[in-house]
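Here's the structure we're looking at; comments come further down.
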């Protein structure tokens, strides 16, 4: 091979997704033109007309950029196949040619339909110039089907199989590879990186020239040594139909075995690529599901999670599914509460809001606010009922509410006030209205305590007292679990108001001195406020 015969990169003009594409075209050292076609058509193609403009070694057009017209007939380019046009000699006038611009002008299908390509819609793309040594390394490291680089273009993208696809295509129209996978894993820099990784794992003898070889394999070539027609014909073989009846049984068997081996190898490659793609898809779906969960789109998140079949993620997926189901149930309780409010069914609404999970970050705080609003409405109704002279009715309203929210300090205190005022009215009929200024101030204090208790829920706190008693139940008479020192960590799971001075907190505690974990009730007066 003449190492002085250097060729330039080929420019091809086309529209992404056109049914027949030129994915490789080069001048051989013996001045033949070799062209590789790729068909994404659904019909066989029998004729191709194309034009070529030749350029010299300085990239200057020969003969004032005159287009040379070629009309190749009697072809059999099958759907979804590569087709290697037999190299043919170029005109002696173009003996100085070292590069070409090429475009398909017209094609004919086997059913006699003709398609003419509109030059005004075409864009010009430069085909990658890959040295023969780099091709061998790519074939060895990535597989024989990787013939080029993935590339994100202005109005489309190029797949590693050579096909030019429109931007809307999420999968290659020829080989079916995923667009994101190709552009995120198989661009020229990433393929270079993979080659370097393979080189770094070679044995000691080959590693001596690793630096020079790596530089040669990863640089962008502006020219390359032209191959001979003979060397190209050794690798460019079309799968033409053969008359089996003319072959011997031995040759047929050899062909069958060869094809089975190829199929097996392809199956292994497909399984590997499929597994690799599935892993990427599984990770993407998991991230998508988590995003949907944070947005409160639990049903959509469940649909995405159930699509994930990756064995390695099975435990995480199952955990996320259970968590999402609980969040969806919590969301349904919140929405049901809102529907019940519209029906003026306040007690049932409170029941629904009480079932909203503390882990439901989107709805829990809002559900607590709703409970507070409904409590105010219900207790105001109880007050009005009492002031209208119906003490049993007022107490009944409060008791019904306490069955749902037994920890409500406002309800308990109002019930006590009603009973106390009722007793006073029996002794002093003209004692006046139930509500006075002291009662208003007391209600404000209780409301503040209620808000404070809500604010403590699901928060992390620290013990500030020198010693703090952790008890079995929320009472100063309850048994002591342990005595926690200053700076012990607390996570508050539940709160209960005692009067207007104390909030009992059910906590998970970690002793600051021993590191031992405990569970129990502790007063809010012992922690950071």
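In our numbering, the protein residues as written are 55 to 583.
A virtual CB, placed ideally from N, CA and C, is assigned to each residue, including glycine.
Across which residues does DSSP place residue i in a beta bridge pair?
i	result
residue 74	93
residue 107	155
residue 61	278
residue 204	241
residue 534	525
residue 317	Partner(s): none; residue 317 has no beta bridge.
residue 160	103 and 170
residue 514	545
residue 407	None; residue 407 has no bridge partner.
residue 142	87
residue 550	558
residue 177	68
residue 576	559
Out of curiosity, what's the CA-to-CA distance linking residue i and residue j?
i	j	result
residue 194	residue 356	41 angstroms
residue 156	residue 280	18 angstroms
residue 71	residue 98	16 angstroms
residue 282	residue 289	12 angstroms
residue 438	residue 465	14 angstroms
residue 299	residue 330	Here residue 299 scores only 40 on pLDDT, less than 50, and its place in the model should not be relied on; the value that follows carries that caveat. Rounded to the nearest angstrom, the two C-alpha atoms are 42 angstroms apart.
residue 390	residue 406	7 angstroms
residue 554	residue 374	41 angstroms
residue 537	residue 521	6 angstroms
residue 67	residue 213	16 angstroms
residue 514	residue 569	16 angstroms
residue 96	residue 129	16 angstroms
residue 251	residue 191	12 angstroms
residue 394	residue 428	11 angstroms
residue 510	residue 219	57 angstroms
residue 79	residue 107	12 angstroms
residue 381	residue 459	22 angstroms
residue 447	residue 396	24 angstroms
residue 567	residue 560	21 angstroms
residue 565	residue 332	46 angstroms
residue 73	residue 61	28 angstroms
residue 221	residue 312	38 angstroms
residue 64	residue 323	30 angstroms
residue 158	residue 122	12 angstroms
residue 431	residue 558	26 angstroms
residue 501	residue 239	59 angstroms
If residue i and residue j are in contact, beta carbons under 8 angstroms, what's the gap, nearest whole angstrom?
i	j	result
residue 528	residue 562	Actually they do not touch by this definition, with Cβ atoms about 15 angstroms apart.
residue 150	residue 116	7 angstroms
residue 472	residue 449	6 angstroms
residue 154	residue 81	7 angstroms
residue 203	residue 245	6 angstroms
residue 228	residue 92	6 angstroms
residue 327	residue 346	Their Cβ separation, rounded to whole angstroms, is 28 angstroms, which puts residue 327 and residue 346 out of contact at 8 angstroms.
residue 225	residue 232	6 angstroms
residue 340	residue 362	6 angstroms
residue 581	residue 506	The Cβ separation is near 12 angstroms, so there is no contact.
Grouping DSSP H, G and I as helix and E and B as strand, with all else coil, what is residue i?
i	result
residue 571	strand
residue 300	Caution applies to residue 300, whose pLDDT of 40 falls short of 50 and renders its modelled position unreliable; the model cannot decide the point.
residue 231	coil
residue 210	strand
residue 88	strand
residue 483	With a pLDDT of 43 at residue 483, under the threshold of 50, the predicted position of this residue should be treated as unreliable, though the coordinate-derived value follows. In this structure, residue 483 counts as coil in the three-state DSSP scheme.
residue 358	helix
residue 563	strand
residue 369	helix
residue 83	coil
residue 169	strand
residue 658	Residue 658 lies beyond the stretch modelled for the chain, which goes from 55 to 583, so this question has no answer here.
residue 446	helix
residue 351	coil
residue 581	strand
residue 414	coil
residue 125	strand
residue 430	helix
residue 459	coil
residue 326	helix
residue 224	coil
residue 451	helix
residue 112	coil
residue 472	helix
residue 131	strand
Less than 7 angstroms separating the Cβ of residue i from some heavy atom of the ligand NAP?
i	result
residue 82	Among the components of this structure there are no ligands whatsoever, and the ligand NAP is therefore not found.
Touching or not, the segment 99–106 and the segment 202–216, by the rule of three or more beta carbon pairs under 8 angstroms?
no
Cβ contact (3+ pairs, closer than 8 angstroms) linking the segment 510–525 and the segment 575–582: yes
Under 8 angstroms: do the segment 407–416 and the segment 438–447 share three or more Cβ pairs, one atom per stretch? no
Would you check if there are 3 or more beta carbon pairs closer than 8 angstroms linking the segment 84–91 to the segment 134–151? yes
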